[in-house]
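Please read the structure below before turning to the comments.
Residue numbers (full-length UniProt numbering): 1 to 592.
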């Protein structure tokens, strides 16, 4: 079953129920529970966008199966130690005692518990012990973020061996897609239209549906560009601008230069993010922000910068630090402004008050991006918005543009004809080109020399909004977007973005500062030319929306389908011009 239930969403406002204890289910949760009860399957895969409430759904199913004595034990498998504890706390509030400290080595647990919580890594260490326990009892196994069972071959094999005898298996994920071909245990794969095996979910509730139901927040992606300068191993000094066409290694070096806490880019972006957080807190007083860092040294340096900016020491959460879970829980329950984390808060971690994020990590896979952004979309009150600050680099902008896309796990690519006999080699080449980190040699040969930051644009619903020319950090033009109120409906956000962009353009024209320096788009630099074309395309898409009522994202997708190419945020000038001409053709045809 896929898509959004027809039933109206049960009220969840103004307060969001404690995690795992919702007294009444949301519409999608009730529909999924009804579907499960009707079919009573041994295996069930539920795909729901981060923040939608997968845990409440799973615990409702568990309570039902326990009450009807279909099962008498629960085993929860989670990606991290912290999530084991979080599951145990949620289950306790739902009346299901679970032991988060269980280890296969000790074999037994207190009779007070009806379940245990373990990690995928823990299962892989001793799958036979877990299998013996699973065989002894009628067991429901809840596989949280099931895609992690494909992280390593040993993990997948361990999960399959340990839980093959289970009475019931309930798999949950918010991000089912992966960038490899390792099959995920207990997930059904069916041939697609092209013959490629693709994962098949029993129930799907995507971001677009959750956004329409006000279950999650809309996300404003604030992209920042700037000049980066670094020195190579050969002693050459390189200057490049974030967002301009570069080689893979130069993209990696430019991004690392931007994220260097000793430069000017990170302090400027952190200050902009804190300004945005202050605006959000005018309407949501306890709203918090989080910086996602690459490593512990950078995390501590970012924390020091935030303390200078705000006067308050942020919470720093390190993945291998004892007490990390307690720090997250304390931050979640308080009203402190900022938290800095090193991949600790990636998926499943519930901090609903997080509303502003800063992407300060070189980790940049689609999976990690979706998991990280998922930390900011968990809605508490209707009208809340989330803001994520990004370096203006193509792959991150593409991930942001595709936020609403539904993805499944694809196991491979079929060779269709003679012209496609090099499909495997092309796949390896694409994987190499898509690597998000430089080689070890490059890591040693790079030295950051300096950086500057400038506001580039806002990405919202796949469309780009901004001002022509370079927008300096701290300027009125930047505040047009940083000052957007923290409580707005999605359509109000869209209208306000259009309004602020067009108002500034009219003001510049009336002041004679608009386009007097250049006579045509062709005379602009590449960066400026792309910005002008994107804004023109977005304006035409907005006009098409007012004429037809068709959503902006659907129009952008239709243009991509007809004209080809990547999302507008990373399309080249020729692709943007072709889409502009195509939508103008649509308008002429409709008028005639």
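Positions of the beta carbon are idealized from the N, C-alpha and C atoms, including for glycine. Only a predicted model underlies this, so the values are computations on that prediction, with no experimental measurement involved.
Between the region 83-100 and the region 189-203 there are fewer than three inter-stretch CB-CB distances shorter than 8 Å, so the stretches are not counted as touching. Assignment of residue 484 by DSSP, reduced to helix, strand and coil, places it in the coil class. The C-beta distance from residue 531 to residue 466 rounds to 6 Å, short enough to meet the 8 Å contact threshold. Rounded to the nearest whole angstrom, the C-alpha separation of residue 554 and residue 587 is 16 Å.
In terms of Cβ geometry, residue 171 and residue 143 form a close pair [threshold 7 Å].
Taking the Cα of residue 292 as reference, the smallest distance to any Cα among 368, 192 and 283 is reached at 368. Scanning the region 191-243 from its first residue to its last, the whole beta strand (DSSP E) runs of 3-plus residues come out as 197-200, 203-205, 219-225, 227-231 and 237-241. For residue 376, the three-state secondary structure derived from DSSP is coil. In this chain, the alpha helix (DSSP H) harbouring residue 302 covers 296-310. With contacts defined as CB atoms closer than 7 Å, residue 573 and residue 540 fail to qualify as a contacting pair. When DSSP states are grouped into helix, strand and coil, residue 137 belongs to the coil group.
Within the same chain, 361 and 362 come within 6 Å of residue 294 by CB-CB distance, once the 5 residues on both sides are set aside. Restricting attention to 223, 264, 260 and 589, the CA atom closest to the CA of residue 547 is found in 589. Secondary structure at residue 47: strand, using DSSP grouped into helix, strand and coil. Scanning its chain for C-beta atoms nearer than 8 Å, with the 5 sequence neighbours on each side dropped, one finds no residue around residue 38. Approximately 5 Å separates the beta-carbon atoms of residue 273 and residue 389; this is inside 8 Å, confirming the contact.
Within 10 angstroms of the beta-carbon of residue 253 lie 16 or more other beta-carbons, which makes it buried. DSSP, reduced to helix, strand and coil, places residue 454 within a strand of the structure shown. DSSP places residue 267 in the uninterrupted alpha helix (DSSP H) bounded by 265-283.
For residue 230, same chain residues with a beta-carbon under 7 Å away, outside a window of 5 residues either side, are 238, 253, 257, 446, 447, 448 and 449 in chain order.
CA-to-CA, the gap between residue 24 and residue 490 works out to about 25 Å. For residue 359, the secondary structure class from DSSP, reduced to helix, strand or coil, is strand.
Spatial neighbours of residue 138 in its own chain (CB-CB distance under 6 Å, excluding positions within 5 residues in sequence) are listed in chain order as 71, 72 and 167. Judged by their CB atoms, residue 216 and residue 208 are not nearer to each other than the 7 Å cut-off. Across the structure, residue 240 and residue 392 are spaced so that their CA atoms are roughly 12 Å apart. Counting only residues of its own chain and dropping the five nearest sequence neighbours on each side, residue 261 has a CB closer than 7 Å to the CB of 298, 301, 302 and 305. Residue 169 has its alpha-carbon roughly 6 Å from the corresponding atom of residue 140. Taking the C-beta atoms as reference points, residue 566 is found nearer than 7 Å to residue 398. The continuous beta strand (DSSP E) containing residue 338 extends over residues 338-341. Contact between the region 308-322 and the region 331-339 is present, with at least three C-beta pairs closer than 8 Å. Around the beta-carbon of residue 350, 16 or more other beta-carbon atoms lie within 10 Å, marking it buried. In this structure, residue 453 sits near residue 268, with a CB-CB distance shorter than 7 Å.
Taking 7 Å as the cut-off, the beta carbon of residue 462 is found no closer than this to the beta carbon of residue 545. At a cut-off of 4 residues, the continuous stretches assigned as alpha helix (DSSP H) that sit fully inside the region 22-108 are 27-39, 54-67 and 81-93. In this structure, the alpha-carbon of residue 284 lies about 31 Å from that of residue 535. In the structure shown, residue 317 adopts extended strand secondary structure according to DSSP, grouped into three states.
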